[in-house]
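The next block holds one structure in the form of structure tokens; read it before the comments.
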Amino acid sequence: MANRQKQERSPRGEESSAQKIKDAALRLFSSKGVDGVTVREIVAESGARNNASLHYYFGSKDALVDALILDCAHVSDSARIQKLDEMEANGGPRELADIIRLIVEVETTPSDVEGIGAVASSLGHMRFVVGLKINHRKAFMQALAGHRTSGYIRCIEHIYNLVPDMPKSLLNQRLIFMDLLLISTLAAREAAFEQDPTGGKLWGSPDAIENLITSACGLLTAPQN
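Numbering (this note's numbering), first residue to last: 4 to 228.
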């Protein structure tokens with residue numbers, strides 16, 4: 004009987020209900036962390052009827068987290084690929100700042116893709132991502148297993164070519180530092196815009212993003228010991 008009811012439901016209605024649960028979960032996970040949010044809270048935030056709704060569409064809270072990780076990765080990487088194709092067609096990137104700017108702009112430009120939880124200042128998922136990378140890195144990486152982020156890989160290959168004189172082992176370490184710098188800083192930016200539509204004194208400044216890009220470039224190219 005349950006299977007028959009699933010088949011009889013409108014596919015569009017199911018997609019919309021599942022998307023509402025995703026959007027609600029992303030908002031809550033971003034503000035409170037994955038561990039600080041219950042299934043009951045997600046269901047209430049989404050307007051779903053009961054806890055069974057989440058389990059019906061996703062199976063569990065952990066599976067919902069995995070689905071959001073893949074959504075975020077897909078939207079970000081699709082945007083990277085599009086920007087990289089345009090940049091490479093025009094002969095770029097010509098300098099390191101070009102590729103760092105691309106990485107940053109992807110995460111600070113709202114997406115029109117349904118379900119990514121976009122806010123006025125960004126894609127809206129940086130706090131969710133940074134919380135997972137710091138507190139649940141193993142689960143984060145397992146969720147992405149088999150998902151090839153080809154756009155990000157292309158960005159890293161360009162960085163290797165633009166910083167040719169540094170030992171690869173040292174540059175790889177700095178790339179990890181750069182990733183942590185960017186995602187944590189952009190997560191703070193995301194929170195600032197949620198609290199104040201102007202971004203406050205720091206992020207309301209027209210120079211803030213460019214200064215972040217310059218800082219990331221400096222991290223990668225600082226003199227070796």
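For glycine and all other residues, C-beta sits at the position ideal for the given N, C-alpha and C.
Terminal residues of the alpha helix (DSSP H) in which glutamine 176 lies: Counted from its first residue, the sequence shown places residue 176 at position 173. If you look at glutamine 176, you'll find it in the alpha helix (DSSP H) that goes 171-198.
Just the C-alpha distance for serine 218 and lysine 171, rounded to the nearest angstrom, thanks. Along the sequence shown, read from residue 1 onward, the residue named residue 218 stands at position 215. Along the sequence shown, read from residue 1 onward, the residue named residue 171 stands at position 168. Near 20 angstroms, if we compare the C-alpha coordinates of lysine 171 and serine 218.
With respect to the alpha helix (DSSP H) encompassing arginine 130, which residues constitute its N-terminal and C-terminal limits? For the purposes of this step, residue 130 is taken as residue 127 along the sequence shown, with counting starting at 1. Counted as a single uninterrupted DSSP element, the alpha helix (DSSP H) harbouring arginine 130 occupies residues 129-138.
Distance, Cα to Cα, alanine 123 vs glycine 203? For the purposes of this step, residue 123 is identified with residue 120 of the sequence shown, where counting begins at 1. For the purposes of this step, residue 203 is identified with residue 200 of the sequence shown, where counting begins at 1. Because alanine 123 carries a pLDDT of 42, less than 50, the predicted location of this residue cannot be relied on, and the following value inherits that uncertainty. Taking the straight line from one Cα to the other gives about 14 angstroms.
Contacting residues, own chain, Cβ-Cβ under 7 angstroms from alanine 70 (five flanking each side not counted): Within the sequence shown, numbered from 1, the residue matching residue 70 stands at position 67. If we look at alanine 70 and ignore the five residues flanking it on each side, its Cβ neighbours are Lys25 and Phe61.
Buried or exposed, going by whether 16 or more other CB atoms sit within 10 Å of the CB of threonine 201? Here residue 201 refers to the residue found at position 198 when the sequence shown is read from its first residue. Threonine 201 is exposed by the Cβ-count criterion.
Taking C-alpha atoms, which residue in Asp80, Asp182 and Ala211 lies nearest to alanine 195? Residue 195 sits at position 192 when you count from the first residue of the sequence shown. Per the Cα distances, Ala211.
Can you give me the Cβ contacts of leucine 105 inside the same chain, cut-off strictly under 6 angstroms, excluding the 5 residues immediately before and after it? Here the question's residue 105 lines up with position 102 in the sequence shown. The answer, listed in chain order, is Lys86.
Short Cβ contact (8 angstroms threshold) for arginine 97 with tyrosine 155: Working through the sequence shown from its first residue, we reach residue 97 at position 94. Working through the sequence shown from its first residue, we reach residue 155 at position 152. The answer is no: Cβ separation not under 8 angstroms.
For the alpha helix (DSSP H) containing valine 68, list its first residue and its last residue. As a working note, residue 68 is residue 65 in the sequence shown. Run containing valine 68: 64-92, per the alpha helix (DSSP H) assignment.
When the Cα atoms are used, what is the spatial distance from histidine 150 to isoleucine 179? Within the sequence shown, the letter at position 147 stands for residue 150. Within the sequence shown, the letter at position 176 stands for residue 179. Those two C-alpha atoms are separated by around 19 angstroms.
Within this structure, are the beta carbons of valine 46 and lysine 64 separated by less than 8 angstroms? Taking the sequence shown and counting its residues from 1, the one referred to as residue 46 is at position 43. Taking the sequence shown and counting its residues from 1, the one referred to as residue 64 is at position 61. Against a cut-off of 8 angstroms, the Cβ pair of lysine 64 and valine 46 comes out as no contact.
C-alpha gap between glycine 134 and asparagine 93, whole angstroms: Taking the sequence shown and counting its residues from 1, one reaches residue 134 at position 131. Taking the sequence shown and counting its residues from 1, one reaches residue 93 at position 90. Spanning the two alpha carbons is a distance of roughly 36 angstroms.
Local conformation of aspartate 38 per DSSP, three classes: Along the sequence shown, read from residue 1 onward, the residue named residue 38 stands at position 35. In this structure, aspartate 38 counts as helix in the three-state DSSP scheme.
Out of Gly207, Met169, Lys136 and Trp206, which one is the CA nearest neighbour of proline 226? In the sequence shown, the residue the question calls residue 226 occupies position 223. Closest option to proline 226, Cα to Cα, is Met169.
Please state the DSSP three-state secondary structure of arginine 7. For the purposes of this step, residue 7 is taken as the residue at position 4 of the sequence shown. Confidence is the limiting factor: at arginine 7 the pLDDT is only 37, short of 50, which leaves the residue's position unreliable, though a coordinate-based value still follows. Residue state for arginine 7 is assigned as helix, using DSSP reduced to three classes.
Extent of the continuous alpha helix (DSSP H) to which serine 56 belongs: Translated into positions along the sequence shown, residue 56 becomes position 53. 54-61 is the extent of the alpha helix (DSSP H) around serine 56.
My output table needs one value for arginine 97: the three-state DSSP class, helix, strand or coil. As a first step, residue 97 is located in the sequence shown; it is residue number 94 there, counting from the start. DSSP places arginine 97 in coil when its eight states are reduced to three.
Rounding to the nearest angstrom, what Cα-Cα distance links glutamate 110 and glutamate 91 in this structure? Taking the first residue of the sequence shown as 1, we reach residue 110 at position 107. Taking the first residue of the sequence shown as 1, we reach residue 91 at position 88. Cα atoms of glutamate 110 and glutamate 91: separation of roughly 20 angstroms, rounded to the nearest angstrom.
Would isoleucine 216 and methionine 129 qualify as a contact pair, given that the criterion is a beta-carbon distance under 8 angstroms? In the sequence shown, residue 216 corresponds to position 213, counting from 1. In the sequence shown, residue 129 corresponds to position 126, counting from 1. No; because the gap between Cβ atoms is not below 8 angstroms, this pair is not in contact.
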